[in-house]
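First up is the structure itself, then whatever we jot down about it.
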Amino acid sequence: MKNKILQVLTKYWGYDSFREFQEEAIMSIMESNDTLTILPTGGGKSVCFQVPAMILPGTAVVISPLISLMKDQVDFLKDIGIEAEYFNSALTAVQAREVAEKIRSGKVKLLYISPERLMTDWMLEILKTLQVPYFVIDEAHCISQWGHDFRAEYRQLSAIKRLFPGVKVHAFTATATEEVKKDILAQLKLESPHIYVGKVDRPNLTFRMTEREEGGIKQIIETLKLHEKEAGIIYCLKRADVDKISEALNAKGYINLPYHAGLPDVERKRNQEQFLTEKVNIIVATIAFGMGIDRSNIRFVIHAAMPKSVEHYQQETGRAGRDGLPSYCYMFYSGADYRTWEYIFQKSFSGQSAHRKLGEMYNFSTVPVCRHRFLSEYFGQSYPKPNCNSCDFCLDEVGTLPESDKFAKSIIEGVFGVDERFGAEHVSNVLVGNTTEGIEKWGHHTLPFYGRLKGETKRAVRSMIDQLIAQRFLRRSGEYLTLSVTDEGMKVLSGEVNPKLTRILEKEKKAEIKKKQKITLESDYANMELGLFESLKLLRRALADKKNMPAYIVCSDRTLKELAEKKPKNKEDLGNIFGIGEAKLRDYGEIFLNAVREYEEKEKTHY
Ligand code: ADP
Ligand code: ZN
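All you need for our numbering is the position in the sequence shown, starting with 1, plus 141.
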């Protein structure tokens, strides 16, 4: 059986091996267990429930929350030669009738359907006349109120086991929290389910987090310069920021579209469509731009501000690099983001847990540790590598402050020494030894620690204070944002705990880092003919437009990259390229081979 499923994977998908847990999940489905599979975004969940449908008799039913996603998946399946259909409110009456006919004929191997449509008497009747080997609940976390995308319609899915006695149900999600997991199992009434939980780590992502400077526009532009011609999302905290940043970037020639819930429906949908069909490469958005972003070649995600939880950070950065190629995540955060979220939480009466999660996110932003390790550990998994080689900390870009503990101690002493009655501005003035009206008035220039951090800029000290707050050694509270020392902070004074701090980098060091980043990014394209890659991209666009589907459905960047590296000469070579299965070889084979040949001819005439 293991041979058989690998054969199917190669024949239709053109992949030569399984990813982590795919084989296990598929075997478990083949052996008629109920299953729950949790894999990160890009982990390859779809293949797990699509492969068995090609072997088992009947029509497998896939419940999916998003209409646009269904269409993409079905387009893709048809393109690799699999009988698939979708049924949802986007179909016209005529189309719906045609699809229903096809479903009744029993020829459809995979039927995608929205929960509302599934639960109509009419559809249930049709399905009862068919052989249905199993139901798949995609994005299963939507069933849970603890998840971030709760959908009331998903609750109806509890009825599947009752309506179809004995049928197997397979749940898939990327959300791994215990609460959500338990909820999925209970709601769907899975029976002795086999559960597979993949690693949350995404090794192809590089994470960087930097303090925001002056609104961040300059930092965003510098980042965009590193990613010319590539696709990316810029996430903002507020709608107004989306509009501002989008306009500023367009004015500078970085063509982009905005996306947020305040835009008229038509415009918002159009902008998303433009991004998904690769008509535009940059989208500036609030978190409203979320599920259904299936474009697999998103090469970078920029957070123009800090998200409100590590879960959100993980979700949003997760949209980068679904195709498995190296991709880059940048965040420009500020203590002000923390305060903005607190304010929003207060207004919306958010509970303790929202505040706690925000604190953890801020902590994550400011503590100098390996980002991959932090994320894995946050989600309850260990991280094996001592150096990930793909985060700002491990790449030695954050500039850990030598003698961090001494600085921390001085600052905490300072806060304590002014009786915990002043804010960060005043405390940093005291520590660097400035004279201000306040300092004279309170006689703080006579304190023993006045000027203890002389030589440091006030900005640097403010940054250290922010880091100490984020790491919960200091607390900021009250109307005047007064600083006080926490219990953890007292342990720093006694020498029990040694905090780690980062310093603001000098210009030269920053320039050096940028140069290194540029070299690494260029090396992602090192083995290929860049010209060929670009012309293949255009060709793919044209093919996709003709079929009215997004380019990445025709083939992924990884396929184009391999084409531009290996330059296949004949169908046999081409069949060995990643992502080229039998149907793609038949439909696009000649076209791709011609493109490679033409490119090589043209190159020859240059010499
Ligand atoms: P998920 O739904 O888990 O986010 P997808 O099913 O969309 O992930 O798959 C993500 C990407 O990984 C797709 O571009 C797919 O082509 C690729 N992929 C899936 N399985 C494999 C595999 N076994 N080998 C190579 N690529 C794969
Ligand atoms: Zn690291």
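A virtual CB, placed ideally from N, CA and C, is assigned to each residue, including glycine. Remember, it's a predicted structure, so these values are computed and weren't measured experimentally.
Extent of the continuous alpha helix (DSSP H) run through Ile580:
Locating residue 580 in the sequence shown gives position 439, where the first residue counts as 1. Here the alpha helix (DSSP H) through Ile580 covers Glu578 to Trp583.
Proximity winner among Tyr395, Glu226 and Glu164, relative to Ala201 (alpha-carbon distances):
As a first step, residue 201 must be located in the sequence shown, where it is residue number 60. Of the candidates Tyr395, Glu226 and Glu164, the one whose C-alpha sits nearest the C-alpha of Ala201 is Glu226.
On the premise that Phe313 lies in contact with Val273, defined as a C-beta separation below 8 Å, what is that separation, rounded to the nearest angstrom?
On the sequence shown, position 132 is the one that residue 273 refers to. On the sequence shown, position 172 is the one that residue 313 refers to. Val273 to Phe313, Cβ: 17 Å. No contact.
Phe520: CB within 7 Å of a non-hydrogen atom of ligand 2
Taking the sequence shown and counting its residues from 1, the one referred to as residue 520 is at position 379. Answer for Phe520: no, Cβ out of range of ligand 2.
Contacts around Arg600, its chain only, beta-carbon distance under 7 Å, and the 5 residues preceding and following it disregarded:
For this step, residue 600 is matched to residue 459 along the sequence shown. Correct list, in chain order: Ile645.
So, for Phe228: in the same chain, excluding its five sequence neighbours on each side, which residues have a beta-carbon less than 6 Å away from its beta-carbon?
As a working mapping, residue 228 is identified with position 87 in the sequence shown. The answer, listed in chain order, is Val240, Ile254 and Arg258.
Taking 8 Å as the threshold, find out whether the region 361-373 comes into contact with the region 504-524 through three or more Cβ pairs.
Note that the region 361-373 does not touch the region 504-524; fewer than 3 beta-carbon pairs, one per stretch, sit closer than 8 Å.
By a C-beta neighbour count over all protein chains shown, 10 Å radius and 16 as the cutoff for buried, is Ala402 buried or exposed?
Against the sequence shown, residue 402 aligns to sequence position 261. The residue is exposed, with fewer than 16 neighbouring Cβ atoms inside 10 Å.
Can you tell me the Cβ-Cβ gap for Met447 and Tyr474, rounded? I've got them flagged as a contact below 8 Å.
Taking the first residue of the sequence shown as position 1, residue 447 is located at position 306. Taking the first residue of the sequence shown as position 1, residue 474 is located at position 333. Contact annotation, Met447 with Tyr474: C-beta distance approximately 4 Å; criterion of less than 8 Å satisfied.
Under 8 Å between the Cβ atoms of Phe462 and Asn345?
For the purposes of this step, residue 462 is identified with residue 321 of the sequence shown, where counting begins at 1. For the purposes of this step, residue 345 is identified with residue 204 of the sequence shown, where counting begins at 1. Just to set this straight, residue 462 is Gly in the shown sequence, not Phe. Closer than 8 Å, so yes.
Can you tell me the Cβ-Cβ gap for Ile278 and Leu298, rounded? I've got them flagged as a contact below 8 Å.
As a position in the sequence shown, residue 278 is number 137, starting the count at 1. As a position in the sequence shown, residue 298 is number 157, starting the count at 1. About 6 Å separates the two Cβ atoms, so the contact holds.
Within a Cβ cutoff of 7 Å, which residues of the same chain sit near Ala166, ignoring the five residues on either side of it in sequence?
Here residue 166 corresponds to residue number 25 of the sequence shown, with the count starting at 1. Cβ within range, chain order: Thr176, Thr178, Cys189 and Tyr337.
Looking at ligand 2, does it come within less than 7 Å of Phe505, judged from the CB to the closest heavy atom?
Position 364 of the sequence shown holds residue 505. No, Cβ of Phe505 sits at least 7 Å from all heavy atoms of ligand 2.
One question on the structure: do Ala392 and Thr182 come within less than 8 Å of each other, judged by their Cβ atoms?
Working through the sequence shown from its first residue, we reach residue 392 at position 251. Working through the sequence shown from its first residue, we reach residue 182 at position 41. No. Outside cutoff.
Nearest-angstrom Cα distance between Pro543 and Lys488?
For this step, residue 543 is matched to residue 402 along the sequence shown. For this step, residue 488 is matched to residue 347 along the sequence shown. Pro543 and Lys488: Cα-Cα distance of roughly 41 Å.
What does the Cβ neighbour count give for Lys449, buried or exposed, with the cut at 16 atoms within 10 Å?
Position 308 of the sequence shown, counted from the first residue, corresponds to residue 449. By the C-beta density criterion, Lys449 is buried, having at least 16 other C-beta atoms within 10 angstroms.
Three or more beta-carbon pairs under 8 Å between the region 551-562 and the region 577-595, yes or no?
Three or more beta-carbon pairs separated by less than 8 Å link the region 551-562 to the region 577-595, which places the two stretches in contact.
Counting pairs of beta carbons, one from the region 691-710 and one from the region 725-735, are three or more of them closer than 8 Å?
Enough Cβ pairs lie closer than 8 Å, so yes.
Can you list the alpha helix (DSSP H) stretches of 4 or more residues lying completely in the region 426-471, in chain order?
Those alpha helix (DSSP H) runs which fall completely within the region 426-471 and span 4+ residues are 451-458.
Ala389 to Glu408, Cα distance in whole Å?
Position 248 of the sequence shown holds residue 389. Position 267 of the sequence shown holds residue 408. Put simply, the backbone Cα of Ala389 is about 19 Å away from that of Glu408.
Can you tell me the Cα-Cα spacing of Glu670 and Glu319, whole angstroms?
On the sequence shown, position 529 is the one that residue 670 refers to. On the sequence shown, position 178 is the one that residue 319 refers to. As the crow flies, the alpha-carbon of Glu670 is around 46 Å from that of Glu319.
In whole angstroms, what separates the C-alpha of Lys782 from that of Glu675?
There is no way to answer for residue 782, as the model of the chain reaches only from 142 to 748.
Just curious, the alpha helix (DSSP H) that His513 is in, first and last residue?
In the sequence shown, residue 513 corresponds to position 372, counting from 1. Going by DSSP, His513 is part of the alpha helix (DSSP H) stretching over Arg512 to Tyr519.
Distance check for Leu150 and Lys219, CA to CA, integer angstroms please.
Mapped onto the sequence shown, residue 219 falls at position 78. Mapped onto the sequence shown, residue 150 falls at position 9. Near 15 Å, if we compare the C-alpha coordinates of Leu150 and Lys219.
Sort out for me which residues DSSP pairs Val277 with in a bridge.
Position 136 of the sequence shown, counted from the first residue, corresponds to residue 277. Paired residues: Val203 and His311.
Round the Cβ separation of Val539 and Met502 to the nearest angstrom and send it over; I've been treating them as touching at under 8 Å.
Here residue 539 corresponds to residue number 398 of the sequence shown, with the count starting at 1. Here residue 502 corresponds to residue number 361 of the sequence shown, with the count starting at 1. Wrong, their Cβ atoms sit about 17 Å apart, outside the cutoff.
Beta-carbon distances below 6 Å to any heavy atom of ligand 2 define the shell here; list its residues in chain order, please.
This selection yields Cys511, Arg512, His513, Cys529, Cys532, Phe534 and Cys535.
Nearest-angstrom beta carbon gap, Phe534 and Pro509 [assumed within contact, 8 Å]
Position 368 of the sequence shown, counted from the first residue, corresponds to residue 509. Position 393 of the sequence shown, counted from the first residue, corresponds to residue 534. Sure, about 6 Å apart at Cβ, within 8 Å.
Out of curiosity, what's the CA-to-CA distance linking Phe430 and Arg349?
As a working note, residue 430 is residue 289 in the sequence shown. As a working note, residue 349 is residue 208 in the sequence shown. In a straight line, the C-alpha of Phe430 is about 21 Å away from that of Arg349.
Beta carbon of Glu561, beta carbon of Val626: below 8 Å?
As a first step, residue 561 is located in the sequence shown; it is residue number 420 there, counting from the start. As a first step, residue 626 is located in the sequence shown; it is residue number 485 there, counting from the start. It is a contact, given that the beta carbons lie within the stated cut-off.
Let me confirm a value: Ser826 is counted as buried when at least 16 other C-beta atoms fall within 10 Å, else exposed. Which label applies?
Residue 826 cannot be examined here, being either before or after the span of the chain that is shown, 142 to 748.
Proximity of Ile718 and Lys707 at Cβ, strictly below 8 Å
Here residue 718 is taken as the residue at index 577 of the sequence shown, counted from 1. Here residue 707 is taken as the residue at index 566 of the sequence shown, counted from 1. It is a contact, given that the beta carbons lie within the stated cut-off.
Mind checking whether the beta-carbon of Gln163 lies closer than 7 Å to any heavy atom of ligand 1?
As a first step, residue 163 is located in the sequence shown; it is residue number 22 there, counting from the start. Yes - ligand 1 has a heavy atom lying nearer than 7 Å to the Cβ of Gln163.
Any heavy atom of ligand 1 closer than 7 Å to the Cβ of Leu180?
The residue you call residue 180 lines up with position 39 of the sequence shown. In this structure, the C-beta of Leu180 approaches ligand 1 to less than 7 Å from one of its heavy atoms.
Apart from the five residues on each side of it in sequence, which residues of its chain come closer than 6 Å, Cβ to Cβ, to Ser437?
Locating residue 437 in the sequence shown gives position 296, where the first residue counts as 1. Correct list, in chain order: Arg463, Asp464, Tyr693 and Ser697.
Determine the direct distance from the alpha carbon of Ser531 to that of Ser664, and round the result to whole angstroms.
As a working note, residue 664 is residue 523 in the sequence shown. As a working note, residue 531 is residue 390 in the sequence shown. Per the coordinates, the alpha-carbon of Ser664 lies some 14 Å from the alpha-carbon of Ser531.
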